[in-house]
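To start, the structure under review is shown below, and the notes come after it.
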Amino acid sequence: MAATGDAILEVRDLVKHFPLTQGVVVRKQIGAVRAVDGISFDLRRGETLGIVGESGCGKSTLAKLLMGLERPTRGSVRIKGREIAGAKGGELKRIRRNIQLVMQDPYTSLNPRMTVGDIVGEPYEIHPEAAPKGDRRRRVQALLELVGLDPDHVNRYPHQFSGGQRQRIGIARGLALQPEVIVCDEPVSALDVSIQAQVVNLLARLQRDLGLSYVFIAHDLSVVRHIADRVGVMYLGKMVELGRDAEVYGQPAHPYTQALLSAVPVPDPEGRERRERIVLRGDPPSPANPPSGCRFRTRCWKAQEVCAQQEPPLQLRPGTWHESACHFPQIHDVIRAF
Amino acid sequence: MPPLPAWGAPESEPLLAVEDLHVEFVTRQGTVKAVNGVGYALHPGETLAVLGESGSGKSVTAQAIMGILDTPPARVPKGRIRFRGTDLLGLSEDARSQVRGSRIAMIFQDALSALNPVFTVGSQIAEMFRVHRGMSRRDAERRAVELMDRVRIPGARQRLHDYPHQFSGGMRQRIMIAMAIALDPEVLIADEPTTALDVTVQAQIMELLAELKRESDMGLILITHDLGVVADVADKIVVMYGGRVVENAPVHDLYRAPAHPYTRGLLDSIPRIDRKGRELHAIAGMPPNLLDMPPGCAFAPRCPYRQDDCVTAAPPLHRIGSTRGSACHYWREVLDGSHG
Amino acid sequence: MSDPAVSGPAVRVGGGDGGSGTAPRGAAAPRARHARRAKSPGGSPARPSRGAPAGRPASLWSDAWHELRRRPLFVAAAVLIGVILLMAAVPQLFTSVDPYDAASCRLGDARQAPSAAHWFGTDNQGCDTLARTVYGTRNSLLVGLSTTAVTVLVGGLLGLVAGFRGGLPDALLSRVSEVFFAIPSVLGALLILAVFRTGTVWTVMLALAVLAWPMTFRIMRAAVIAARGQDYVVAARALGASGRRIMFRHILPNAVTSVIVVATVNLGVFIAAEAGLSFLGVGIQSPEISWGLMIADARPRFLEAASPLLFPAAFLSLTVLAFIMLGDAVRDALDPKLR
């Protein structure tokens, strides 16, 4: 992959707390859901950064923060050096030309009362400077062709397409403004197995042809493995491990990553009786009231006194080659296959 | 088409056998042929995985077994569902409801909508005993606590009087399982039981199901689209496409060498956590339109092995050896290609 | 592909800001191959191509109009409404008798059955029922249409604002609407109309609108809130769409259909409500003519002479039916899934 050195997207200490309030007339804040609680990473030009985690880990809020759809409580998101986190109005609108979103559900992410031509062409209506008026229709058709749809279908409505085709329409809309970064929030998880591969391949081809950078957020570790160059693992609003895909998948250092990877079913029954499985007990704690110190300690088999007192920062640790947030990191290959 | 032979271990009488089942839905746009001659058999203590995508007919078949299809619009024009030798389709509604829930039970993907939000989980589990076994309220509650313990809900006694929304997704699925196994059914049908759950929770639920199955001699039908889940737990697999069984096989044989182009395409198209592939081999095209099924093989329009006769004649389920079957005229080529 | 230069304009769709405007030739070959593959060979859900061909841009409204014209339900409703409107505008076309002229009624002819001279018979005052029914169309229709228009505009607009903005505006508007909801409708209308000494079309409209707007408000608000939470609204925000654009381009078309249906049903309710108010003596008063007034006048002696009540009632029913049919047809036409 063409991941050149310079960072196109820089995220620093990003925090989003949703206040929990009580009272109808006089609102009193009684706490906060710490959806995203101090996340930092770089996305390099042309690379795909996968973000994995289970529901409630904050990965969807992260997507909204990256897109400037939510205002962060603290921290910064810079795209090509320009801050999106605090931007407003025209400035925010200009930045949005560089970062776009592909959403999960192809059935709800397209307005059912707009034609495909209007949906894919809407970015040009919002950003008239991006394409001269007379040229828009041709560009819309070129975009449809680019994502593998029939350009003659501009006058059809979303319900006339299958799920996979709709996801292509969503991708075409995301590409219209020629952004350099695309945030994919669970882009294939709503699709049938045999259609997922088509869309994953399309995203990979678009990246090659257009030099795009992806933040690929998903709960499906196998899909992320396939498409990502680097992977970040999230747990309760924190990044617990971050590294190249081969490192995170092949040499996971954080116990949560190991448990997560070992839980993924492998489509191969050979040796299934011998496969190592770390089954976590219970459910993740509430993000409104996370445990002190390391957030994973309540379900961790390695937890010691220090884990409750000190929060382990995400950093390079002895004996490992990538960053992890554990006081007792230990590389342990739970998949054991390459 | 002659009734498909029950396959698998022929020496023992199957617990449940679906034979040449057809299900149609009459809609305004026409007749949707959801299930077109499906046959499979389940033996005691066995885990049978029914694999397919949306629209393959895998869930409709299960609903026909349970007798919970809405008729109309659904219609079962043909077929038999033999449970311990008795054809369920020939029974009266009264007799079927005796079987449903107590001898054949089912759990669903969406546990939140399958549980009644205005009753406590305790009362919903206890109701199984009160209705089917005529137990007193007190006895039924005691049994409910036992069950909640059995499906490993921590603090069962304290949580008896909680409402469904107060439980996490994984816990709700456990409650559903508790209700399903309450009356010690002989067959448990699990329809995408872990699809809505996170992987770590999914692993917990699959482990629970495996343990429960070990404890009794229950037969488990696992309906899923996830090839990984199947590989983890199944003994036998039935692959469905366009309302038909396209392949059936013991699990190891199927993953080692699929004998149907669709199965093969699926295996080639999924990303794997233990491998970094260059490009996935996507199956081109889209699943068939059940309103307008092609006359021949339903997979033919997407099939790389397609010949002229595939479009004209629907292939029967060819027997391969004593344990496998493939509904492909060219299963030998597919099998050879898989080996190579 | 490791050469960063390849990610340049050659494969960009339609050139960069500088506006080279060249077609994206660079990626043409793989694209064409992909396009062929994506077109499903026969197995796809076959859907007839409809609407306008690719040459002309389609829009929801133009497609809806094309669709409407082909629907018998719409055509029947439109013809019926056309006739009713014509009757309201130029009643002289339908009858030679002028019921506003006192000389046209003869007490001696009271309560006659339908005949060649009086097709619909005569009423208690000996006036021609056909003429009165035709002339009554204007007032009844004016009440129905104007009240509907006002409630849809006021209730719809406030509902759009409340649902879209949420927070304080929503809380305030919702409380206000609930206050109006709490007023018993007959009592409220009596009270409002008692303020004016004479009942006219406009005072009746005002009374009904004041009491009826909260219903439209609530329906609009609920539909807007449902639409606002949809992913396509998030997608539009991510593109940088303005609030106004989201409101009118994305939310309104998806919320408006439920209001259309309620509005057409309400139209009939308003015409009937006017009849009730006239009956209570606070609605439109003689010598004005309306269907409601006619029904009220004919009611006491209905058993002796049914036609002075039945004919205006039938016209009222037909009118209501026509508008409900129109509403249904428009709602269906605005839903691409039902075309």
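Chains as they are written, first to last, in our numbering: chain A, 15 to 352; chain B, 105 to 444; chain C, 1037 to 1375. Every residue, glycine too, gets a C-beta built ideally from N, C-alpha and C. All values reported here derive from a predicted model rather than from experimental measurement.
- Taking a 10 Å sphere around the C-beta of A:Leu256, we find 16 or more other C-beta atoms and assign the residue as buried.
- Within a 10 Å sphere around the beta-carbon of B:His265 sit fewer than 16 other beta-carbons, which makes this residue exposed.
- The beta carbon of A:Ile44 lies closer than 8 angstroms to those of Leu34, Thr35 and Gln36 in the same chain, with the five residues before and after it left out.
- The secondary-structure analysis by DSSP pairs B:Phe187 across a beta bridge with B:Leu120 and B:Thr190.
- Non-local C-beta neighbours of B:Lys137 in its own chain, meaning closer than 7 angstroms and more than five positions away in sequence, comprise Glu128, Gly347, Leu394 and Met397, ordered along the chain.
- Not one beta carbon of chain C lies nearer than 8 angstroms to the beta carbon of A:Glu105.
- If you look at B:Gln202, you'll find it in the alpha helix (DSSP H) that goes Glu197 to Val203.
- With contacts defined by Cβ atoms closer than 8 angstroms, C:Gln1321 and C:Gly1235 form a contacting pair.
- The alpha carbon of C:Arg1254 has as its nearest neighbour, out of C:Ala1149, C:Val1295, C:Ala1311 and C:Arg1367, the alpha carbon of C:Val1295.
- For a Cβ distance threshold of 8 angstroms, nothing in chain A lies close to B:Lys340: the least Cβ distance comes to about 11 angstroms.
- By the neighbour-count criterion, in which 16 or more other beta carbons inside 10 Å mark a residue as buried, C:Tyr1136 falls on the exposed side.
- Secondary structure at B:Met239: coil, using DSSP grouped into helix, strand and coil.
- C:Ile1325 and C:Asp1206 have their C-alpha atoms spaced approximately 41 angstroms apart.
- The three-state secondary structure of C:Pro1220, taken from DSSP, is coil.
- The segment 66–145 of chain A contains, as complete beta strand (DSSP E) runs of 3+ residues, the segments 88–93 and 113–116 (chain order).
- For chain B, the residues of the segment 234–254 of chain A that bring a beta carbon within less than 9 angstroms of one of its beta carbons are Asp234, Leu235, Ser236, Val237, Val238, Arg239, His240 and Ile241, in chain order.
- Taking 8 angstroms as the CB threshold, A:Gln36 stays off the interface with chain C.
- Of all alpha-carbon atoms in B:Pro289, B:Ser320 and B:Pro176, the one lying nearest the alpha-carbon of B:Gly149 is that of B:Ser320.
- Within chain C, Ala1272, Leu1275, Gly1276, Ala1277, Ser1278 and Arg1281 have C-beta atoms less than 9 angstroms from the C-beta of A:Ile140, given in sequence order.
- The segment 275–283 of chain B and the segment 257–267 of chain A do not touch, with fewer than three beta-carbon pairs separated by less than 8 angstroms.
- By the neighbour-count definition (other C-beta atoms within 10 Å, threshold 16), B:Thr131 is an exposed residue.
- Around the beta carbon of C:His1154, 16 or more other beta carbons lie within 10 angstroms, which makes this residue buried.
- Counted as a single uninterrupted DSSP element, the alpha helix (DSSP H) harbouring C:Thr1300 occupies residues Leu1288 to Phe1315.
- The Cβ of A:Gln212 sits closer than 8 angstroms to at least one Cβ of chain B.
- About 21 angstroms separates the CB atoms of B:Leu301 and B:Gly259; that is not less than 8 angstroms, and the two are not in contact.
- Annotation for C:Phe1232: Thr1239 place their beta carbon closer than 6 angstroms to its own, counting only its chain and skipping 5 residues before and after.
- Annotation: Cβ neighbours of A:Gly178 in chain B (cutoff 8 angstroms, chain order): Met390.
- Interface criterion met: the Cβ of B:Ser158 is under 8 angstroms from a Cβ in chain A.
- The beta carbons of A:Ile109 and A:Ala99 sit no closer together than 8 angstroms.
- In the DSSP assignment, B:Lys162 falls within the unbroken alpha helix (DSSP H) covering Lys162 to Met170.
- By a beta-carbon distance limit of 8 angstroms, C:Phe1347 contacts C:Phe1156. Their separation comes to about 5 angstroms.
- By the CB criterion at 8 angstroms, A:Ser54 and C:Tyr1268 fall outside the cutoff.
- Shown here is that no member of the segment 206–228 of chain B has a Cβ falling below 8 angstroms from a Cβ of chain A.
- Three or more beta-carbon pairs drawn from the segment 189–198 of chain A and the segment 134–154 of chain A are found closer than 8 angstroms, and the two stretches are therefore classed as touching.
- A:Glu287 sits exposed, since fewer than 16 C-beta atoms from the chains shown fall within 10 Å of its C-beta.
- Within its own chain, the residues whose Cβ lies closer than 6 angstroms to the Cβ of A:Gly135, once the five positions on either side in sequence are excluded, are Arg150 and Val154, listed in chain order.
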